[in-house]
Amino acid sequence: MKNPSWRYCILIFAASWLLQGIGIYRVAGNVDSPAITPFLIAAMFRPALGVLALMWVSKPVRAEVLWRVNLRVFTVTPYAVLIPTLVAFSVIAIFSTMNWGHSSFFSFSSGGVHVQSGRWLLGKGEQSWPFFSCNIVGTAVLYSLVGMIFGGGEELGWRGYLQGRLIAQYGLSKGVTILGLLWSFWHLPLLLAGYNYPEHRYLGAFLFSPILLVASSFFMARGSL
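Here our numbering is used: position 159 in the sequence shown is 199, and no number is missing along the way.
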């Protein structure tokens, strides 16, 4: 195992999976419990802390890591909000149409939407279609900003460090695909515990999440290359 990229992956996977496992154990498998949040936040910053440690001890690594914000970040920001939102609702629509599951967050009717659960910026309850649309936009923007803060703990590792190394070693398409798979399987303990796909945790962990994050990796690579 002479490749430092794979040594880095092994170390951050071990640290992150351990934190996720402890969090899942502490909440007795109820991954929707707020008590798991500190463990997830700590796990999210493992990739960044690993890169910072490498930057501290290695000047070559310090020079190659993409950690400075550039103007291209702002050109893709609207898409970073729009695309995950569309993907989320597309997945819900597919699951509902195929009778694979149902949304516990809201239900539709001809007159509007009944928002049942979840953290929505404009609240829950019966809502008209225009009001619900505003609720989606406001919530998507808010959580994108929150996700940007905590997601930075992962992104310094995925896009900042690993992406360039994997592309250099395997080429653009294969390198970004490997990165997306690593990103997905980094979440494996949570996914297998029912996070994101509670009714289809194995399909979610080994099919839906890898497809989604590989596709997202190609999009996100465009803004960082």
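All C-beta atoms, glycine included, are put in the ideal place defined by N, C-alpha and C. If you're wondering where the values come from, they're calculated on a predicted model, not measured in any experiment.
Taking C-beta atoms as the reference points, VAL71 and LEU230 count as a pair closer than 8 Å. The stretch 245 to 260 makes contact with the stretch 217 to 232: 3 or more CB pairs, one atom from each, lie closer than 8 Å. By the CB criterion at 8 Å, LEU228 and GLY215 fall outside the cutoff. Counting of Cβ neighbours within 10 angstroms places LEU126 among the exposed residues, the total staying below 16. In the DSSP assignment, GLN167 is bridged to VAL153.
DSSP places ALA103 in the uninterrupted alpha helix (DSSP H) bounded by 99 to 104. DSSP places ARG205 in the uninterrupted alpha helix (DSSP H) bounded by 203 to 210. MET84: member of the alpha helix (DSSP H) spanning 77 to 84, first to last residue. The beta-carbon separation of ALA82 and LEU59, rounded to 5 Å, stays under the 8 Å limit for a contact.
Taking C-beta separations shorter than 8 Å and ignoring five residues to either side along the sequence, the partners of LEU202 in its chain run SER45, TYR48, CYS49, LEU219, LEU222, following chain order. Counted as a single uninterrupted DSSP element, the alpha helix (DSSP H) harbouring PRO229 occupies residues 228 to 232.
ILE123 places its beta carbon less than 8 Å from that of PHE259. Inclusion of GLY193 and LEU106 in the CB contact set at 8 Å is not warranted, their separation being larger than that value. Taking C-beta atoms as the reference points, GLY158 and PHE171 fail to come closer than 8 Å.
Looking from the CA of PHE85, the closest CA among MET188, GLN209, ALA208 belongs to MET188. As a beta-bridge residue in DSSP terms, PHE148 pairs with VAL153. Taken through DSSP and simplified to helix, strand or coil, TYR48 comes out as helix.
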